[in-house]
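Asks: Quick one: the structure is below, questions incoming.
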Amino acid sequence: AGTCQSICWRWMTFITPIRTNLVLKCHIVKEAYFSPDTIQRKALEMLAGLQISARKPELVPEKSALLILDMQDYFLDPTSHAYVPSAGAILPGLQRVIAAYAQREYPIIFTQHINTSEDAAMMGVWWHELISADHPLKGISSALDTRLGTVLQKTQYDAFFDTDLQARLTNWGATQVVVC
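Numbering (the numbering used here), first residue to last: 1 to 180.
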């Protein structure tokens, strides 16, 4: 029999095998990969391990928009099956970036993932439930002030797919996107 060990890169959810009467079952163990105290050190360690191009693009803040992806209660609430234990650790830094963009009146976009059974495709299979318009955890975290920007609903991982994100960026004159 094979094992069911795998790592989900986005959520650091570890699946470990448990054998019972020759039947293989999987047990999901979620761990916080980083905390508010370790996020800076771990981020620097990750960056040091990357192969970064010698040509580093220069950020031009006044030509950029801030794109905050899926910071919904669905991923931040410990009672949710999709809870990301490390997500809370990024909130203080994210709040600072949002405040800096808001102070300068640069565009801020918060994406909100919402699905129906018609547009979910494989997401309904992978997630075993949909983040529907009436799901109790669909909202963007109250730790983030969405009044400082605009909320963009999307149905796929790609925030550009079947949305007006590109038109918004063009309208704002944004030629760069800072993704958080």
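We treat Cβ as the ideally placed atom computed from N, Cα and C, and that holds for glycine.
Can a CB atom of chain D be found closer than 8 angstroms to the CB of Trp-126?
Replies: No chain D is part of this structure, which consists of one protein chain only.
Asks: Nearest-angstrom Cα distance between Ala-102 and Leu-144?
Replies: The residue given as residue 102 occupies position 102 in the sequence shown. The residue given as residue 144 occupies position 144 in the sequence shown. Rounded to whole angstroms, Ala-102 to Leu-144 spans 12 angstroms at the Cα level.
Asks: Can you check whether the CB of Val-177 is closer than 8 angstroms to the CB of Ala-65?
Replies: On the sequence shown, position 65 is the one that residue 65 refers to. On the sequence shown, position 177 is the one that residue 177 refers to. Result yes, Cβ atoms of Ala-65 and Val-177 sit closer than 8 angstroms.
Asks: Please look up how many angstroms separate the CB atoms of Pro-92 and Glu-31, rounded, as I've assumed it's under 8 angstroms.
Replies: The residue you call residue 92 lines up with position 92 of the sequence shown. The residue you call residue 31 lines up with position 31 of the sequence shown. Contact doesn't hold; Cβ gap of about 20 angstroms is too wide.
Asks: For Leu-50 and Gln-40, I'd like the C-alpha separation in whole angstroms.
Replies: Along the sequence shown, one-based indexing puts residue 50 at 50. Along the sequence shown, one-based indexing puts residue 40 at 40. Answer to the nearest angstrom: the Cα atoms are 16 angstroms apart.
Asks: Counting only runs of 3+ residues fully inside the segment 104-133, write out the beta strand (DSSP E) ranges in chain order.
Replies: Correct list: 108-113.
Asks: Taking C-beta to C-beta, are His-113 and Gln-166 nearer than 8 angstroms?
Replies: The residue you call residue 113 lines up with position 113 of the sequence shown. The residue you call residue 166 lines up with position 166 of the sequence shown. Cβ atoms of His-113 and Gln-166: not closer than 8 angstroms.
Asks: Could you tell me which of Phe-34, Thr-111, Tyr-74 sits nearest to Phe-161, measuring between CA atoms?
Replies: As a working mapping, residue 161 is identified with position 161 in the sequence shown. When each option's Cα is compared against that of Phe-161, the closest is Thr-111.
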